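Inspection log for the structure reproduced underneath, given as structure tokens.
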Amino acid sequence: MDELIDPATVRRLGRLMEPHGVEARGVVAAAADAVSGHKLRRRVDIVRDALMADLPEGYDAAATAVRAAFEDETFTGWMLWPVSEAVVGRALQSGLAGDLDDAMDVLALLTTRLTGEFAIRAMLAARFERTLEIAQAWTSSENPHVRRLASEGTRSHLPWAKGVPELVRRPGATRPIVDALYADEAEYVRRSVANHVNDLSRDDPDLAADIVAGWLDRPDAHTPRVARHALRTLIKQGHPRALQLMGFDGTEFEARGASRPKVFKIASRSIAPGETVLISKSYSFRPQTTRTFHPGEHAIELQINGRPYGRDTFQLISAEESS
1 MDELIDPATV RRLGRLMEPH GVEARGVVAA AADAVSGHKL RRRVDIVRDA LMADLPEGYD
61 AAATAVRAAF EDETFTGWML WPVSEAVVGR ALQSGLAGDL DDAMDVLALL TTRLTGEFAI
121 RAMLAARFER TLEIAQAWTS SENPHVRRLA SEGTRSHLPW AKGVPELVRR PGATRPIVDA
181 LYADEAEYVR RSVANHVNDL SRDDPDLAAD IVAGWLDRPD AHTPRVARHA LRTLIKQGHP
241 RALQLMGFDG TEFEARGASR PKVFKIASRS IAPGETVLIS KSYSFRPQTT RTFHPGEHAI
301 ELQINGRPYG RDTFQLISAE ESS
């Protein structure tokens with residue numbers, strides 16, 4: 001992964017930016033050698049800082065240079081990660097509302113060739129409400145990459161990305177975004193939405209279940225799959241409402257006599273009409289340090305595509321009773 005931004009990529013970036021104010025032998029050129037031996041995140045930082053040093057002074061001039069470079073179709077790929085962060089960096093240095101808004105426009109432009117999900121994090125940290133407002137507007141964009149950025153860039157636990165504490169403190173703040181996109185025509189936008197809500201389930205499980213319940217009240221052909229993916233962590237944890245939404249009704253007894261569900265995934269596969277498939281699964285009730293099994297009635301229920309297909313009960317007896 002580190003080689004996604006290698007010396008050759010940085011040199012190519014320098015050549016593409018040279019006609020627009022970046023010095024041929026400037027800091028960006030030197031960064032080509034400096035990235036070697038570093039992890040990807042550090043490479044991005046090196047090239048971003050080099051761009052900020054080499055781009056024309058002021059936000060307007062820097063943004064104009066990037067837009068001009070974008071006219072070249074080869075201005076694409078992983079080199080755009082540090083470019084997007086440099087644009088945001090210049091806007092934050094300026095601090096002017098117009099520059100900050102324009103930087104979001106540049107992110108929307110660049111994301112059509114490489115996602116701006118990492119660069120937008122600094123914008124969220126700097127002005128949370130306004131950035132979410134713009135991201136909400138992106139949900140109606142004609143471009144699926146921009147719509148995906150609205151969801152992916154505002155995830156509370158986005159891999160590789162810098163954390164935004166406000167997203168964790170206020171998990172409901174992004175609900176309008178995912179509600180606008182769960183039935184998007186593009187599968188990779190819908191997948192982002194599902195991952196977004198799965199992130200929310202780490203911070204507010206009940207909110208995640210509420211969001212999915214709303215989707216299931218207004219479903220399309222893709223909604224059941226999106227819902228399952230969004231609730232996957234809660235299903236594994238046995239969250240009662242998440243299981244109910246997916247049609248599960250498994251039971252597991254607790255010491256106080258109540259029951260709670262525990263779900264185990266057996267397999268995921270496509271089966272042709274009329275095809276017969278034999279699937280077996282064994283489960284051990286040996287005592288474990290991480291789980292206590294209580295004697296009494298337990299139940300097993302088979303679920304296929306979230307629907308129950310037969311339930312049976314059995315009695316679990318203690319080792320003392322069986323001897």
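Its first residue numbered 1, the sequence shown is counted upward by one per residue in the UniProt record's numbering. Cβ atoms here follow ideal geometry from the backbone N, Cα and C, with glycine treated the same way. Predicted, not measured: the structure shown is a model, and the values here were computed from it.
Name the DSSP bridge partner or partners of residue i?
i: residue 311; result: 301
i: residue 153; result: Partner(s): none; residue 153 has no beta bridge.
i: residue 316; result: 296
So, at 6 Å on beta carbons, what are the nonlocal neighbours of residue i in its own chain, with the 5 sequence-adjacent residues on each side left out?
i: residue 168; result: 156 and 203
i: residue 43; result: 5 and 35
Whose CA, out of the options, lies closest to the CA of residue i?
i: residue 164; options: 64, 177, 117 and 136; result: 117
i: residue 245; options: 208, 10 and 220; result: 208
i: residue 53; options: 76, 83, 279 and 114; result: 83
i: residue 309; options: 248, 297 and 283; result: 248
i: residue 325; options: 14, 201 and 9; result: Residue 325 lies beyond the residue range present for the chain, which begins at 1 and ends at 323; the question has no answer from this structure.
i: residue 81; options: 138, 94, 2 and 99; result: 2
i: residue 158; options: 183, 101, 94 and 124; result: 124
i: residue 113; options: 176, 79, 22 and 93; result: 79
i: residue 225; options: 205, 182, 210 and 234; result: 182
i: residue 135; options: 142, 154, 184 and 126; result: 154
i: residue 198; options: 222, 166 and 236; result: 236
i: residue 196; options: 130, 41 and 232; result: 232
Apart from the five residues on each side of it in sequence, which residues of its chain come closer than 8 Å, Cβ to Cβ, to residue i?
i: residue 281; result: 264 and 266
i: residue 87; result: 62, 63, 66, 103, 106, 107, 110 and 119
i: residue 277; result: 269 and 271
Under the three-state reduction of DSSP, which class applies to residue i: helix, strand or coil?
i: residue 124; result: helix
i: residue 296; result: strand
i: residue 94; result: helix
i: residue 76; result: coil
i: residue 286; result: coil
i: residue 100; result: helix
i: residue 64; result: helix
i: residue 17; result: helix
i: residue 220; result: coil
i: residue 58; result: coil
i: residue 172; result: helix
i: residue 201; result: helix
i: residue 239; result: coil
Do the CB positions of residue i and residue j come within less than 8 Å of each other?
i: residue 315; j: residue 297; result: yes
i: residue 11; j: residue 30; result: no
i: residue 216; j: residue 230; result: no
i: residue 139; j: residue 180; result: yes
i: residue 324; j: residue 189; result: Since the first residue shown for the chain is 1 and the last is 323, residue 324 is missing from the structure and cannot be characterised.
i: residue 122; j: residue 92; result: yes
i: residue 174; j: residue 243; result: no
i: residue 295; j: residue 279; result: no
Excluding sequence positions up to five away, which residues of its chain have a Cβ less than 7 Å from the Cβ of residue i?
i: residue 192; result: 148, 151 and 152
i: residue 23; result: 54
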